[in-house]
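J.: The UniProt record's numbering applies: residue 1 is where the sequence shown begins, and numbers increase by one.
Beta carbons are placed, not taken as given, at the ideal position from N, Cα and C, and that holds for glycine.
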Amino acid sequence: MMKGLKKWRLFSLLAVLTVFLAGCGQQELSTLLPAGQVGKDQFNLLMLSSGIMLFVILVVVVIYVVALIRFRRSKLGDDFVPEQVEGSQKLELIWTIIPIILIIILAVPTVYYTYKLGDVKAMEEVTDDGKAKHLVVDVTAKLYWWEFEYPDLGIVTAQELVVPTKEKIYFNLKAADVKHSFWIPAIGGKMDTNVENLNKFYLTFDKESEGLKDGVFYGKCAELCGPSHSLMDFKVKTLPRDEFNAWAKSMKATEDGNAVANAAGEEVFKQSCIGCHAVSGAGEGGAQGPNLASFGDRNRVAGFMEHNEEKLKEWIKNPQKVKPGNVMPSFENQLSEQELDDLAEYLLGLSVEQ
Ligand SMILES: [Cu+2]
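1. Would you mind reading off the limits of the alpha helix (DSSP H) that contains Tyr115?
2. Judging by CA-CA distance, which residue of Pro290, Pro324, Glu314 and Gly296 is the nearest neighbour of Phe148?
3. Just grab the DSSP bridge partners of Glu208 for me.
4. Based on Cα-Cα distance, which residue from Leu68, Arg9 and Pro34 lies nearest to Phe55?
5. Indicate the three-state DSSP secondary structure (helix, strand or coil) for Glu28 in the structure shown.
6. Apart from the five residues just before and just after Phe269, which ones in its own chain have a Cβ nearer than 7 Å to its Cβ?
7. Going straight from the alpha carbon of Val65 to that of Lys190, what length do you get?
8. State buried or exposed for Thr96, treating a residue as buried only when at least 16 other CB atoms are found within 10 Å of its CB.
9. To the nearest angstrom, how far is it from the Cα of Glu337 to the Cα of Glu310?
10. Glu147: beta carbon under 7 Å from a heavy atom of ligand 1?
11. Hey, how far is the Cα of Asn258 from the Cα of Lys252?
12. Taking the Cβ atom as the reference point for each residue, do Leu335 and Ser294 lie within a distance shorter than 8 Å?
13. From the DSSP output, in three-state form, read off Ala141 for me.
14. In three-state terms, what does DSSP make of Thr238?
15. Per DSSP, Ala132 forms a beta bridge with which residues?
16. Count the other CB atoms, across all protein chains shown, that sit within 10 Å of the CB of Ile187; report buried if there are 16 or more and exposed otherwise.
17. Check whether the segment 167-178 touches the segment 208-218, taking contact to mean three or more Cβ pairs, one atom from each stretch, closer than 8 Å.
18. Short of 7 Å in beta carbon distance, which residues of its chain neighbour Asp341, apart from the five on each side in sequence? Order them along the chain.
19. Kindly list the residues whose CB is nearer than 6 Å to the CB of Phe234, restricted to its own chain and excluding five residues on each side of it in sequence; keep chain order.
20. Pull up the distance between the alpha-carbon of Gly23 and that of Glu284, whole angstroms please.
21. So Leu212 packs on Glu353, CB below 8 Å; how close in whole Å?
22. Output the boundary residues of the beta strand (DSSP E) element that contains Pro164.
23. Apply the 10 Å Cβ neighbour rule to Met1 and answer buried if 16 or more other Cβ atoms are within range, or exposed otherwise.
24. Going by alpha carbons, who is nearest to Val38 out of Trp183, Leu13, Thr204 and Gln26?
As structure tokens, this is what we get:
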């Protein structure tokens, strides 16, 4: 009877919490509005542990208040000595067994999901014709930007991860300089990206990002990594499988050149920028700067600034001013206003989306 009541209480508490918390937050970046199975599993664990904690707090507060009220000195006098319960077997048992039960309720799903969400065996699976069965993305975190390489597709992009929905996507995570942490709040994570080892996990993206505020999910660096840590954002575009395939194909096709919106801009780019930035999406990661093959399709400049000509020029002129400590040099005194205009038009025209 007692146990049944407790369970019921816990569940109603969880239900109320869920309804209450679902009301706040933004779909594109809220852990409380999970948009994939991994995120949902993590959310449920979060709710369960919060529910148990609240239950404990509630019980302690109730006992505390009851004791305060019942044993007031003004009511019982100075000499009152309450019943001494030291060594009571019944009480000792109750406050040993209840916490053990609570810890078991907490531990079983936690251990289960830790193993389930860390299971990356399927990463190595190949189909009969030797191709990888699942999409694998190699993520490299760098001060202060993100590189996403798709080794089986032979393409690479940066700042904006593009993935198909409704399937497991496997990630190899590493860092190029210092520790960072890969986190897409609405989808799952976080997991550290380290310099000395590869971390692996998978995520599932159940919702297309198109209807969201900026048409993307938000990703974050979740490990303090330097002065611009808080600006180390990335975005995630989730597409149905066939649209993803089309995107991957267009990325691969930039190998043969891009559509050029401004030829003079392309010239400037080839002189000043190509050493760090590739404009072909085909190939591997490891470049000094973000791959710009699909820069025109992006949502932000450098992960966080508004994506327009004005902000782009502000960035090229003096990246240090807006993102202190990043690795791109300033071009303020090297490029004329005309050259900047041409460059901006050229860069914003780099697109692989139809
Ligand atoms: Cu970081």
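T.: Let me lay it out:
1. Gln89 to Leu117
2. Pro290
3. Answer is none; Glu208 lacks a bridge partner.
4. Arg9
5. coil
6. For Phe269, the CB contacts under 7 Å within the same chain, skipping 5 residues up- and downstream, are Leu343 and Tyr346 in chain order.
7. 39 Å
8. exposed
9. 12 Å
10. Checking every heavy atom of ligand 1 against the Cβ of Glu147, none is found closer than 7 Å.
11. 11 Å
12. no
13. strand
14. strand
15. Val126
16. Burial state of Ile187 is buried, judged by a 10 Å Cβ sphere holding 16 or more other Cβ atoms.
17. no
18. Its chain contains no residue whose beta carbon lies nearer than 7 Å to that of Asp341 once the 5 sequence neighbours on both sides are disregarded.
19. Trp146, Gln159, Gly219 and Gly303
20. A caution first: Gly23 carries a pLDDT of 48, below 50, which makes its placement in the model too unreliable to give a value.
21. The distance from the Cβ of Leu212 to that of Glu353 is about 16 Å, inconsistent with a contact at the 8 Å cut-off.
22. Looking at the DSSP string, the run of the beta strand (DSSP E) that includes Pro164 is Glu160 to Pro164.
23. In this prediction, Met1 has a pLDDT of 48, which is less than 50 and means its spatial position is unreliable; nothing more can be read from the coordinates.
24. Thr204
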